[in-house]
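In the UniProt record's numbering, the protein residues as written are 1 to 1014. Data first, discussion second: the structure below is written as structure tokens.
This is the structure we're talking about:
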């Protein structure tokens, strides 16, 4: 290539971008990023990739880069989309890759073609599928294909038919997969039109190919040769690609496949090919034949599973469906995969094969798609097929089969395998983690457990006696027995645990636990640790479903604590930890009964935290300890220091373990909450953690923020005083107000706790930055957010009044324009009524605290409004009267009534003109108080928030502040009477007031008001 040409520059940049040297790689990546949006760039990549004279590495880089570019820029609506002419040039060369003999290149090219097909088929590339099918079946491309110059001009020898056919099949498989993933109705209909034809033609290749393999494999096994292996691998490779293609087509593209001849024959035909699994042990594991045979068997299993997932009833009704289930059941029944032995059970592929079989059975044992209809259906209704499917399955799931299935599952599959036992010994923490992981689709024992539970749920009357009988068979097996019987005992105990909800009435767990399990758990030594661990697990299964009166919980606690001893097996101890959590986090948990064991449990947990190495394990221990602290509340106090002492070292060790640090913050939150006022001793450790967790400059804050805020809130709610360190956290909260959602909500709640905790210091130091931050929020807010903001401002006003700092704080609100914005919202009146009421309440509170200051501020702020407002106070009065029907809370209704009464002593026409409406509101509120039978001093409390704790010191402080609030201390009828008298005096005395003011008001309102003021 010309070194100055664009193609040469792109080639050079591609090579440099893959360089291990950063100084060469970074500039090249920047160039490619710059060029990728330029016209012609992707066509040049195609030219490089399709040039067989180029270095293989360069061609591979080019096709990979092109594939990635297609993802980003091929869609017509994409920014900097590839232009149609350039697309045409690229498409014209794609099929030339079908003659490639480099697997890496054709794999990438096939993927790229499939991506293009997703966008362009059929509109811009209508002949793609037909061309690929012809190449698959005939091993050659059309004469018009660009493959010819690719083959001969660039020096390729003519590609063999096998290469072209294989490459075309790979490309077709990728393309069909891509087309099947399209979800738009038009795309689905087009696929359903194409699928039958493609399916039939691929079947015509698949069956002869497998037949050829079946015919040739015996002679190769008798006399293996490299050439024979190569040919057999080619045959199986073709069969695998065919099967993968057919799987997509039959599942996604063919409706009612069980009634279509080709698909139903394929369904049954591939079942016969599963018998090839018997050849695997005779084929060398390193052979490509072994690899492809494994892939074929698992692909057939995926086909059946996908059909069950998407078309379960059709699967059951398909000819030979029962044969499919019988085949897999036969392999499951004769396998030893559940036991510790050599052979097939050690083969990862065979385990996946067994898992597929178990899942196929599980899907027809219990499935909502097989549930009977809720009402009678007409004979023509499609659900008649459902009835046929249910009848077919009823012939399979007979009581004898169910019994055989359960016995096989328990005796062969619920047993710990050799790998399980080795994992137990080599990596106890990993073993416990695997036991708790929910990955049953990938593990044969976990899958068998799911199947067993579904069978029990559907056939309880058959399974319950069987399990109880098996329990009796292993009851007397002691520690002197060999490993196989011990593993069986463990498996039977596991079965009893898994079906605890179904055996609830059939098993006297309390008697069994007291007479048998509590004795067995004391046996030490050797392999008996399997049973000790299983007993700990059993308690977690049974205790939550047994009422307290039927269970000796004290004995349960004692047994679990005994399994935490430091000299016990680590797996046993960790299992006990997890099941203590289940026992404690139970509806019938009794803290008093658990208290005697608390010290031993805390000590054991702290010891375990030091004994284990994996942070995931430490996390599980911490989570369990958190539940205990939460349920035991103040009873944890004597032992809280032991927990706290271990936390600093854990924090220091876990710098990169964000989830673990979150758990530490949570447990500290529970400790602070449980300790109440005694939590002040934790602050030297807690405050720095809070600062780190909520600091936006710390990268970890994205993980720690929410839990850090919870800890901060709990700390301020439960402390009795506020030192400089705790007060110094406030700037961090100010930075969080621009966050959406819970973070800003909690930050505002934290401001409130500071204002109630130490109003003088908080307001003197931070009223200006807090009000400035709030001013930026007031205005264009969602209703829920506006309510939270107004509630926080209301708390600040109450705190300022209680600390005799109201004038100073209001001055700050004026300086920061916070008050201006509140008034602006009221003047505009555009908010929904219940939000506007919140803003009105702020002005109302100022009025009842200091009416002169209220009028002064209204005048001052009115002058600064846009446009200026000369009479703000009357507007506030008018808004209160207008929105009173939107005020539901009794406390706020009393606040507004007091505000209206407060502004009565005036002769200003703007107020006097509203006297009728004002007196009507006052009368209404006074009547409500009298009818409720409550003294007017009653101060109704606000509803509690989710994170409010009524036992905190913060709650006590708020109640104390409430008792000093005028809305609480004022007798409303006396207050109204006094203000009316003042108004009379200002307006010429009682007679003149009655004549000039009351005379213009509805006499009924006046009479009712007078009656309620007596």
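All C-beta atoms, glycine included, are put in the ideal place defined by N, C-alpha and C.
Check                                                                                                                       : Outcome
Bounding residues of the alpha helix (DSSP H) (the contiguous stretch that carries residue 985)                             : 972-986
Closest residue to residue 166 among 463, 331, 715 and 239 (Cα-Cα distance)                                                 : 239
Buried versus exposed, by CB contacts within 10 Å (16 or more), residue 751                                                 : buried
Residue 37, DSSP secondary structure in three states                                                                        : coil
Pick from 922, 59, 44 and 872 that is closest to residue 103, judged by C-alpha positions                                   : 59
Rounded C-alpha distance that separates residue 296 from residue 570                                                        : 42 angstroms
Among 421, 98, 840 and 70, the one whose alpha carbon lies nearest that of residue 86                                       : 70
Sequence-distant residues of the same chain with beta carbon closer than 8 angstroms to residue 964, five excluded per side : 802
Buried or exposed (CB count within 10 angstroms, at least 16 for buried), residue 480                                       : exposed
Exposure label - residue 490; buried when at least 16 CB within 10 Å                                                        : buried
Where residue 479 falls: helix, strand or coil (DSSP)                                                                       : coil
Beta carbon proximity, residue 712 to chain B, threshold 9 angstroms                                                        : Looking at the structure shown, chain B is missing, and only one protein chain is on hand.
Which of helix, strand or coil DSSP assigns to residue 89                                                                   : helix
Test item: CB-CB of residue 1009 and residue 953 under 9 angstroms                                                          : no
6 angstroms CB neighbourhood of residue 563 in its chain, flanking five on each side removed                                : 536, 572 and 576
Beta-carbon gap between residue 445 and residue 415 smaller than 9 angstroms                                                : yes
For residue 271 and residue 486, the rounded distance between their alpha carbons                                           : 38 angstroms
Reduced DSSP category for residue 888 - H, G, I as helix; E, B as strand; rest coil                                         : coil
Buried or exposed by the 16-neighbour rule on C-beta atoms within 10 Å, applied to residue 184                              : exposed
Three-state secondary structure assigned by DSSP to residue 858                                                             : helix
Extent of the continuous alpha helix (DSSP H) run through residue 1073                                                      : Because the chain here runs from 1 to 1014, residue 1073 falls outside it and cannot be looked at.
Continuous alpha helix (DSSP H) stretch holding residue 112: start and end                                                  : 103-120
Contained alpha helix (DSSP H) runs [length at least 4] in the segment 166-237, N- to C-terminal order                      : 185-222
Contact check, residue 668 vs residue 689, beta carbons under 9 angstroms                                                   : yes
Span of the alpha helix (DSSP H), counted from its first residue to its last, around residue 352                            : 348-365
Assigned exposure category for residue 424 - 16 Cβ within 10 Å defines buried                                               : buried
Alpha carbon of residue 216 to alpha carbon of residue 98, nearest angstrom                                                 : 27 angstroms
Residue 686 to residue 905 span [Cα, whole Å]                                                                               : 53 angstroms
Backbone CA spacing between residue 51 and residue 450 [nearest angstrom]                                                   : 54 angstroms
Exposure label - residue 759; buried when at least 16 CB within 10 Å                                                        : buried
Contact check, residue 499 vs residue 456, beta carbons under 9 angstroms                                                   : yes
Presumed contact (8 angstroms Cβ cut-off) between residue 853 and residue 818, rounded CB distance                          : So it is not a contact: roughly 15 angstroms between Cβ atoms.
CA-to-CA distance, residue 20 to residue 156, given in whole angstroms                                                      : Its pLDDT being 44, under 50, residue 156 is placed unreliably by the model, and nothing is read from it.
Residue environment, residue 245, which counts as buried when at least 16 other CB atoms sit within 10 Å                    : buried
Under 9 angstroms between C-beta atoms of residue 64 and residue 34                                                         : no
Touch test, the segment 222-238 against the segment 162-176, Cβ-Cβ under 8 angstroms, three pairs minimum                   : yes
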